Structure formats: structure tokens, C-alpha cells
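**Student:** Below you'll find the structure I mean.
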Amino acid sequence: MCLAIPGQVLDLHDGGGLFARGRVDFGGVVREVSLICTPEVAVGDWVLVHAGMAIAVVDAAAAARTLAELARLGGEGA
Amino acid sequence: MSSADYRDPATVHRLIDAIGGTVTRSWTLMEICGGQTHAILRAGLDRLLPPAVTLVHGPGCPVCVTPVGVIDQAIALAGRPDVTLCSFGDMLRVPGSRTDLLAARASGGDVRVVYSPLDAVAIAGREPGRQVVFFAVGFETTAPAAAAAVRQAQALGLTNFSLLCAQVRVPPAMAVILEAPDCRIHGFLAAGHVCTVMGLAEYAPLVARYRVPIVVTGFEPVDILTGVLHCLRQLEAGQARLENAYERAARTQGNPAAQALVGEVFEFVARDWRGLGELPESGLGLRAAYADFDAARRFGLVEAPTPAPGECLAGEVLQGRLRPDRCPAFGSRCTPQRPLGAPMVSSEGACAAYYRYRGQAA
Amino acid sequence: MDSVCPLPLDDYPVVLLAHGGGGRLMQQLLDGLILPTLGVSGGQGPHDAARVDELLAGAGGRLAFTTDSYVVRPLFFPGGDIGSLAVCGTVNDLAMAGARARALSVSLILEEGLPMQTLWQVLCSLRQTAEAAGVRIVTGDTKVVERGRADGVYINTAGIGAVPAGVSIHPGRVRAGDAVLVSGDIGRHGIAVMAQREGLQFETTIESDCQPLWSTVAALLDAGLDLHCLRDPTRGGLASALVEIARQAGVDVLLDEAALPVAPPVATACELLGFDPLHVACEGRLVAFVPATQAQAALDVLRRAPGGERAALIGAVGAPGGRVTLRSRYGIDRPLDLPAGELLPRIC
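Here the protein sequences come in this chain order: P, L and U.
All residue numbers for the first sequence refer to our numbering, where the first residue is 4 and numbers rise by one.
All residue numbers for the second sequence refer to our numbering, where the first residue is 64 and numbers rise by one.
All residue numbers for the third sequence refer to our numbering, where the first residue is -13 and numbers rise by one.
Structure representation (C-alpha cells):
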């Protein structure tokens, strides 16, 4: 129940505040998701979705930093 | 952005090597998230780690910590002819004191599996003749969706929607574990998606008071090992800091919109945790302004006293004191088909993870 | 094939109890709709035991016979329906024994109130699938039950075929060192059906893999391959099929998780719904146990067969035992077991 799945926002329907939602593509499976908690989201963004609700917009820059750090592992000791 | 990057075997092995090169003595780390427990066991990360590093599993399964009395309330509601009980799928086989929701459905109860509490609101809108109750179980990750469901129902003027509230918070459970005089846990991996919603602030007091490193950690194998590595680096350096190893999702301040939504609808309440007892301010209950949406109130439900646990050692398992496959009933008198307690049937239960990924034998 | 239901819908737009009553109305339903749509003719009606001798003549000495019932909900799903499923399931059971299905019986249990148009669509699908599979529908039965039972329609099919001389395909022939192959990507059918159910609805391009498998088996036999064992993984998915074979054959099987073919949308749908693709039903896939030396040749045949783009070598048979082990992409082994209980109800 903690699991949130990443997906890409295809479109936005502003049903008005509480009903703001959009279609999110989870790698070939598309589902409508509530976007109330990610008002800043734009089409094309990646969001983390849990129980039908987007709980965060994925920070692409942070993801890139993490992957870069991981790529550097192995050269160093600890 | 794909999950594949965070499952890459080469990266996993590099992290394992880095961990091996970091530790100079034995350390015990705890994760408090059932999703992380299952990810660790499915990928076999505990077996890849050097013997010096032990991972124990905490009370990270909100289904598992829901008291028997609350399950019985849900079953009672499902037995009412006017009620449609909506629930996440893995609540259906959790044993109450006599039976479970799956049996209630087989006996004619209208029990429906939903993926989101918002689906339950939609059902209530489509079926005005039914009293739709959403069984709200979960940690802070799920609270925004439950809060949104209540606000939507209110905005739509629905009189046939209510919540059976059983939501819990992680920090009080972590405090209980740290308070135990014989606590052997050196460091914690904090649940990444709980922190995505709530931010990191609630963990700072725990770090300060108990002097343990707490590292916010994600769910894929690479994320989990990254969290483990950062935690071990702190321990080897004698540090105790709050650190974020899941920055792509969790920000220091969390998600303000989600927190505002949760804070509007819910307040902290005392809650009874199966296996841990009653913890003050450890649950989320509906604020007075939303009392109309409280199923317990609407249906006059009484919370029965929690019966003695019998043979089930869920309490010990949930506190990380007993590894599931070392429980005497594991795989014999307790199986997913005939469980003694919740951890063996919940999709996030530690016992279920051991049974599924390690088999019946230890 | 007509695109319009041949029975005058104005008279009876839905199935009535009387249509199962053995009287004039039932005769009209049989003669006007069911028999002609299914292609059952030539004096062979539902009340006559069909003469299958001609169909089995020259087919081989050893008869194979199987039956299955179909209660899938919803009746129509992406990639198929209860009609195509009812033919493929039974045809494929026979194919797994090395038998080409020659004759099929079709028993229908209809719910009072089922739209005649829906019945006709199901019958068309039964006929078209049978033709594609090269099997004749020769006999059957029709019953009607009260509204509220049968969820529209339940179907039972039984099939008879013959195993060619020299062909012996069963778990007892599995040997240590055998290669384990799967004929295509797994989990499609279960997900395609689940995607239609209330509360779990999502848009997807995932279609059921429902298809007859005899042509694939025939191609394997024609290539001169020594097929030790075949199984089509339906309910319970690939995991159930392999666990059963390992148990029946008394051998250990080691699977390579990284080699298991799962189409990305199916993998994602499984994650969303909390399912393991290994436990999700297929309806047009087979798993094959062949001598290790023939693995590549078998794989080549499977990849050329319909739906075989993702056919793969997924494991090998080990020492005597009876357990299936899955080796993860990180090199860690775990036991593979039957899925627990009712994860995916009414899938087939």
C-alpha cells in the first residue's frame, strides 16, 4: 500500500479544484488520476501515483543526480 | 525516468560491493514500510548483503496493524443489506475474530475491491440507494486520497458516502521501537512515499532524541541499497543525521497541497495498533467538521475490546523482534490460505513476504 | 457470415425460458439460429449422437478426449469472447497431448433475458474460431435458466481427437537437462479480462492472447522435434503449469527470471493491480519441455508461429525432485509455488 507507480501525464481535465484530474500513461496502461495534490503539474511531466492520486511530480534533475552518483560507484572505495 | 534504471543488476552489484567495502562491524537496520519489505525479499537483497548487515522489518504494514475489532466492524457493515463496503484488495483475507471480508462477500455481503477511495465516491454517486463505506486503511501515503474522497463527497452533496477510519502514522511507531530498552536497531530506512507526502520534518526530533541515522529511502532494489549504503556510511563515521536518499520523489517539505488536504479533513487521534498497543496521536481521524462522514458514527459502531492474540506472534514480528520464518507456526499452522494473523495475508505483511519468497522452510 | 442475426429479433429480442423448454420455440431457436450459425448440419442435430467416425478416420490410433467449461466475465473482452475461449481452451488441451481436435460438442446454458443479438455474436465467434482451428462442431445442447443465473451464458465444450502414432507427450517423459521454453509473452489474457472489470478500469491496448495452438504443435512435430511435455498455462498462469509438471514428473525445474517474456504494458498492469505475471492466465501460449540439444530448433519454430515473437528459452530441468525455483536477475533463488486462492476470478 506504500507503493506508488511512476507515469507520464498525457492530458489534464480541470474539473475544478477538487476534481482536477488527468490521464496518466504507465508504460502502455492509461488510467485517470486525481491531480489535486500536484497543481503545478504539466502535460509530459512524470508523476508518482498512489491509490488513484498523484502524490508528487518526479524531480528529473534529482533523478539524474542520483543516477550519476550511482554510476560513479565502484571506482571509489567506500 | 523508467523503473528499469532502479532495477539494473549491474548497479545493484556495484552497490553491494560498495556496502561490503564500507562496513567494519555488524549493523542492524530497520525498514518501516511493507512495500520495502517485499521489495527486499523479492529481489533477495538481504541475501546479497554482507553478513555484517542485518535488515529487520518494522510495523510497516497498515493492514497488519489494524486491530481485529476494526476488521469486525467492517465485516458487520458488509453484512448490512443497505451497505456497499469498498476496500483495498488485500484487506479481504485479513482475519477478524471469527471470519473475514471474503467470507462476508461469499455470504452475500456487497464487498467491492477498489483501487482508490475516489472510486468509492464514484460508486456512491452512481448508486444513490446504497450506503457506500470506504474502509480507510493506510499510512500517510494514502491519507491524501482518503481526504480528497471526503471533500469530493461533501462538494457533491452525497449523503450516502462515509469512511471507516483506520489510518495510522509512522513516526509514533518508530518512537515506540526506539523507546524499547533493548532496542538493537542502529539505523532506520524511512518510507519514501510517506515522506513524499509529509516531508522530513517529523523525523528530525527522533534523530535528535535517539541519536540514530534515519535515511529516506525508495522502493526499487537500487533505491533500497542506496538507502542502506548511506545509512551505513553514517554509522561507520559515528554520525546520526536525517538524510534523503529519495530526492526524486521526496522533498524536505513534502507535498504542501497534500498536507493541506489531509490537515483540513483529519486530525491526530490515539489509535490501537495490533501488536503494539494504543499509541497516542498515532492515527488519523475525521475532524468534527467532517463527522458526518464517519461510518462509525453513522452506523453506531462499537469498538469491541481486542481479544487476546492467541498463537499469533504478529506483535513480535511487527516490532522486528521475531523474523517471520522463525515463528513456530510459520508455514505449518499459519499459511496465507489459513492465516493466524494479518502479516501472513497482507500484500505488505512481513510473514507473507517470507512465505512467498522463501517458501515454507526457513 | 451475415452481419445481422438471422432470427427475427422483433419476435424474440431476448432469450426466454420457453426457448429451453423442448417445444416449438426451442426448435425455432435451434433450427433458426444455433444450428445454422454453428454449422451443425447434415442430419446431425443436438438430439442425435454425432457420428465422428469419418472425422477420426486415418487420424491415428489413440483417441484423446477432453472437456472444459467457460464462465468468463465479461462475455466480451479485448482479443476474444466466451465463444472463442470455449473453442480454443478445449482444442488446446487436446493439442497439449499431441492430438489435433477433430470434433467438438458445444453445450450452452443461457440466462433468460440474454439478448438474442449477444447469443448470435457468441455463436458466430464459436463457429469462426472452430473453422480457424480446423475442428467441426458436431453436437451440443441448449438449456435456459431463470434470470439472475448463468450471467448471460455459460458454455461447456468437449473435444475428441487422435494422437498420431509415435507421439507420446506427457510429464513422465521429462528428463534432467531438458530445456523449458514458452511460446510467447505471458499474462495477456488475465489482464485483458481484468481491465474490463468495474473498479479496475483502465485503458490499454492489451488484448487476450486467445488462439488455437494446434498449428504450433504441428509445426514442432513436423520439424522432427522430440516433444517431452507440453502444457498451456491457463488459470494460475505459467507458475501453476510448471509447478504441476515438476510435481507430476518428479523433477526440479530452474527458471531464469530475466528470460521470462512479459510485454511492458502487461508488466505495468500487473504492478498496478498487484499481480505477479507468473500467476496471470494465458489462453494462447504453451510451455514445452524438449531435449537440450533441440532447444534452439524448437525456439526457431515457436518464433515463426502466430503470436510467437517473444517465444523464449526460460529454464531447464534439473535433478529428480519436484520443485520449481526462480533465479532472479540478481542471482538469488526463490521457490515458485501455486498462487494463493482467488486472485483472478472468472477469467476463463
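Idealized CB from N, CA, C, for every residue including glycine.
Computed from a predicted structure; not experimentally measured.
#1: Taking the beta carbon of F197(L) as the centre, do at least 16 other beta carbons fall within 10 Å, making it buried, or is it exposed?
#2: Name the chain A residues that come within less than 8 Å of A45(P), Cβ to Cβ?
#3: Measuring only between beta-carbons, confirm whether L140(L) sits less than 8 Å from chain U.
#4: What does DSSP give as the partner residues of W90(L) in its beta bridges?
#5: Cβ closer than 9 Å: which chain U residues qualify as neighbours of F22(P)?
#6: Counting along the chain, where does the beta strand (DSSP E) carrying A274(U) start and finish?
#7: At the 8 Å Cβ level, is E40(U) part of the contact set with chain P, yes or no?
#8: Under 6 Å Cβ to Cβ from S312(U), same chain only, skipping five residues before and after it: list those, please.
#9: Could you name the residues of chain P that A151(U) contacts, counting a contact when the two beta carbons are closer than 7 Å?
#10: Using only alpha-carbon positions, find the residue among T85(L), R311(L), G383(L) and G326(L) that is nearest to L70(P).
#11: Could you tell me which chain L residues have their CB closer than 9 Å to the CB of R320(U), listed as they occur along the chain?
#12: Grab the span of the beta strand (DSSP E) containing M56(P) for me, first residue to last.
#13: In whole angstroms, what is the alpha-carbon distance linking D218(U) and N78(U)?
#14: What does a CB cutoff of less than 6 Å around V332(L) pick up in its chain, not counting 5 residues either side in sequence?
#15: What are the boundary residues of the alpha helix (DSSP H) that includes A79(U)?
#16: Going by Cα to Cα distance, which pick from V174(L), A115(L) and G132(L) is closest to R334(L)?
#17: Spatial neighbours of L364(L) within its chain, please: C-beta separation below 6 Å, excluding the five flanking residues on both sides.
#18: Let me know if F202(L) comes out buried or exposed under the rule of 16 or more other beta-carbons within 10 Å of its beta-carbon.
#19: Return the residue from the list A212(L), T87(L), D357(L) and C294(L) that minimises the CA-CA distance to G20(P).
#20: Name the chain P residues that come within less than 8 Å of Q215(L), Cβ to Cβ?
#21: Whole angstroms are fine: how far does the CA of L111(L) sit from the CA of G84(L)?
#22: Going by CA-CA distance only, name the one from A165(U), A204(U), D171(U) and T202(U) that's closest to I192(U).
#23: Provide the residue(s) that pair with C149(L) in DSSP beta bridges, ordered along the chain.
#24: For a contact defined as C-beta to C-beta under 7 Å, what are the partners of G152(L) on chain U?
#25: Report yes or no: do three or more beta-carbon pairs, one from the region -7 to 13 of chain U and one from the region 415 to 424 of chain L, lie closer than 8 Å?
#26: What are the complete beta strand (DSSP E) segments, minimum 3 residues, inside the region 121 to 189 of chain U?
#27: When we look at the beta-carbon of A206(L) and count the other beta-carbons within 10 Å, is it buried (16 or more) or exposed?
#28: Looking at D182(L): is its Cβ nearer than 8 Å to the Cβ of G55(P)?
#29: In angstroms, rounded to a whole number, what distance separates the CA positions of V203(U) and P292(U)?
#30: With a CB to CB cut of under 7 Å and the five nearest residues on each side skipped, what residues in its chain are close to H16(P)?
#31: Could you check which residue in A87(U), S201(U), M102(U) and R309(U) has the C-alpha nearest to that of V0(U)?
#32: Measuring only between beta-carbons, confirm whether F188(U) sits less than 8 Å from chain P.
#33: Starting from Q14(U), trace the alpha helix (DSSP H) in both directions and tell me its first and last residue.
#34: Tell me the rounded alpha-carbon separation between S37(P) and V27(P).
#35: Between H33(U) and the rest of its own chain, which residues show a CB-CB distance below 7 Å, the 5 nearest in sequence each way excluded?
#36: Regarding E190(L) and the ligand PLP, is the C-beta to nearest heavy atom distance less than 7 Å?
**Tutor:** So, from the data block:
#1: buried
#2: Looking at the structure shown, chain A is missing, and the protein chains on hand are P, L and U.
#3: no
#4: V116(L)
#5: Chain U residues near F22(P): none, gap ~18 Å exceeds 9 Å.
#6: V273 to V276
#7: no
#8: Strictly speaking, residue 312(U) in this sequence is Leu, with Ser absent from that position. Excluding residues within five positions, the ones whose Cβ falls inside 6 Å are L241, E243, R320 and L322.
#9: The premise fails here: A151(U) is roughly 46 Å from chain P at the closest Cβ pair, so nothing lies under 7 Å.
#10: R311(L)
#11: L104, R105, G107, R419, Y420, R421 and G422
#12: M56 to V60
#13: 7 Å
#14: G346 and G348
#15: Position check: residue 79(U) holds Asp in this sequence, whereas Ala was assumed. Per DSSP, D79(U) belongs to the alpha helix (DSSP H) from I68 to A81.
#16: G132(L)
#17: Q136
#18: buried
#19: A212(L)
#20: L21 and F22
#21: 14 Å
#22: D171(U)
#23: R175(L) and F197(L)
#24: G260
#25: no
#26: 122 to 131, 139 to 149 and 165 to 168
#27: buried
#28: yes
#29: 11 Å
#30: R24 and G25
#31: M102(U)
#32: yes
#33: R10 to L15
#34: 10 Å
#35: Low confidence applies to H33(U): its pLDDT is 49, below 50, so where it sits in the model is not reliable, and the reading given next is rough at best. Result list for H33(U): empty, nothing under 7 Å.
#36: The model depicted lacks the ligand PLP and carries no ligand whatsoever.
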